[in-house]
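The next block holds one structure in the form of structure tokens; read it before the comments.
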Amino acid sequence: MQHSHNSGASVRAIAKSPTGIQGLDEITNGGLPTGRPTLICGGAGSGKTLLATSFLVNGAKQFGEAGVLMTFEENSEEIASDVASLGFDLPGLVEEGKLFVDYVRIERSEIEETGEYDLEGLFVRLEHAIRATGAKRVVLDTIESLFSGLGNANILRAELRRLFRWLKDKGLTAVITAERGEGTLTRQGLEEYVSDAVILLDHRVTEQVSTRRLRVVKYRGSHHGTNEYPFLIDRYGLSVLPVTSLGLTHEASVERLSSGVRELDQMLGGQGYFRGSTVLVSGTAGTGKTSLAAHFADAACRRGEHVLYFLFEESPHQLIRNMRSIGMDLQPWVDAGLLHFEAERPSRAGLEAHLASMYQHVRDFRPSVTIVDAVTNLLSVGTQNDVRAMLMRVIDYLKVSAVTGFFSSLTPGKNESEETEAGISSLMDTWIVMTFDEVDRERRRAIRILKSRGMSHSNRVHEFALTDHGLRLKDGRG
């Protein structure tokens, strides 16, 4: 009987309560199921309490829904200090009557095993808190602490089933956190009682690289992203990456930006790249990829725009010194705060951590242009498919933020360029290839545009030279 009722309910669109957590509302197509319990499970330190508290705080501040936080592990002062570093002011919300925090202490010694143990006291306290605030959202953190006070787990399971039913009858959007079990989602198999939505948080360390991931294991009656998504805990709170991985909703700008090389602008329909587009420059070692990136950075800074430059091969000092050899001094832009370098070894972290770091730097610095030199260095910490998936997320984020992305890629040899770029180039709007040949003991560099979406562009191969006045194209056909 119950089964047929649920399957009927899944046909109707269910109401959702937004969490206000970046990325999570996209993955769940709108938030957690309104008026129903959601189970959040994970190991110690995985971010359960933070996610649950974010749901309450955002509900109170952004969506006008008061909340109740019932905690069985930490008292209100401890939780308040835990989340204060993320900009959450729990005492302030309590004072305003938007939040009610109740610390329920479970003492094993105070519980008599009479077989009649029940959660009646809990219901009474919850009822009081909900009435006091008019709460629509409730968090119970963490439910396992109730078990530590009771030997007879069967009695407590029956009581918990009653608790979940009570929350549903009250129409409360509830979040229950629970510890991860061995071979099960939760230690006590609580997922059996929460049939509406289950979210699993995972904090793993592989080869000393820490990664946090989130997965929606179950969401009755709703479509949801089923992948594992990396998430980040920083001073802004909790955010799930990627923010926009599920849609192609970005605006396409018609504004053009100079490449910093006049002749290359001519090759690109006379005006340069589209703002907010992605540019890939590939070639073998020493062909001039970094010089072209530096020209683009210099041109953007001259327009007064901010440029974020990720370096995976050399230090900022080395790059600045090398560019002086072609008559370009980037140091004044660094001093003026227009150009910001982020240099790190790819092997320092896993791909997800690099992705989170890049996302954070873009968000903090708010650049107009972001340069990544060179993306192929990331292959040392992940497969080509992994790097491609990561780049797709970076590009997605840049496009939605209307940031122009410039990526350089080192190709091993002339004949391998097409194959090596196959994974990456399809993500790019403009693809420029730089080569050099030795003719009569003379090195000749050449540049050509393989594609540039949405604009007419030169199909010719142009010879160029790196001079004291920068990169200069020759008129010859190369």
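Every position in the sequence shown, counted from 1, becomes a number in our numbering once 137 is added.
Where is the CB? At the ideal position from N, CA and C, for every residue including glycine.
Predicted, not measured: the structure shown is a model, and the values here were computed from it.
- In this structure, I370 places its C-beta atom within 8 angstroms of the C-beta atom of R349.
- Around the beta-carbon of T520, fewer than 16 other beta-carbon atoms lie within 10 Å, marking it exposed.
- Boundaries of the beta strand (DSSP E) around K588: 579-589.
- With distances taken between CA atoms, K355 lies nearest to I164 out of D566, I164, V576.
- Cβ-Cβ distances below 6 angstroms link G180 to R317 in the same chain, with the five nearest sequence neighbours on each side left out; the list follows chain order.
- Looking only at D466, V512, A473, the smallest Cα-Cα distance to A480 is reached by V512.
- The continuous stretches of alpha helix (DSSP H) do not include I158, and DSSP gives it neither H nor E.
- With a contact defined as Cβ atoms closer than 8 angstroms, V509 and F447 qualify at about 5 angstroms.
- For the options R482, A430, D466, the alpha carbon positioned closest to that of E451 is the one of R482.
- Around the beta carbon of A295, a 10 Å sphere encloses fewer than 16 other beta carbons of the protein chains shown; the residue is thus reported as exposed.
- In this structure, DSSP gives G180 a state outside helix and strand, which the three-state scheme calls coil.
- Of the candidates S462, R440, M460, R440 places its Cα closest to the Cα of A473.
- According to DSSP, E365 shares a beta bridge with no other residue.
- The C-alpha of L608 is placed about 7 angstroms away from the C-alpha of S428.
- For the pair D333 and P170, the CB atoms are nearer than the 8 angstroms cut-off.
- Contact between the segment 525-544 and the segment 459-468 is absent: fewer than 3 CB-CB pairs across the two stretches fall below 8 angstroms.
- Pairing L417 with F544 gives a Cβ-Cβ distance under 8 angstroms.
- Taking all protein chains in view, the Cβ of S183 is crowded by 16 or more other Cβ atoms within 10 Å, so the residue is classified as buried.
- DSSP, reduced to helix, strand and coil, places S545 within a strand of the structure shown.
- The segment 268-277 and the segment 210-219 do not touch, with fewer than 3 CB-CB distances between them shorter than 8 angstroms.
- Scanning the segment 502-548 for uninterrupted beta strand (DSSP E) segments of 3 residues or longer gives 506-510, 541-547, listed from N- to C-terminal end.
- Taking 8 angstroms as the cut-off, the beta carbon of G397 is found no closer than this to the beta carbon of F368.
- Look at E316 here: in three-state DSSP terms it is strand.
- Its chain contains V499 as the residues whose beta carbon lies nearer than 7 angstroms to that of S538, once the 5 sequence neighbours on both sides are disregarded; these appear in chain order.
- When beta bridges are read from the DSSP output, E600 appears opposite A583.
- Here L300 really is in contact with L256; their C-beta atoms are around 6 angstroms apart, less than 8 angstroms.
- Pairing G204 with L193 gives a Cβ-Cβ distance under 8 angstroms.
- As the crow flies, the alpha-carbon of T424 is around 20 angstroms from that of S595.
- Pairing L375 with I158 gives a Cβ-Cβ distance under 8 angstroms.
- Boundaries of the alpha helix (DSSP H) around T190: 185-199.
- Between the alpha carbons of H360 and N166 lies a distance of about 7 angstroms.
- When N459, R302, V353 are compared, the shortest CA-CA separation from D605 is found for N459.
- Measuring C-alpha to C-alpha distances from V238 to each of L263, S154, E365, G542 identifies L263 as the nearest.
- DSSP lists G204, T310 as the bridge partner or partners of R274.
- For A480, the enclosing beta strand (DSSP E) starts and ends at 476-480.
- The Cβ atoms of F502 and L445 lie closer than 8 angstroms to each other.
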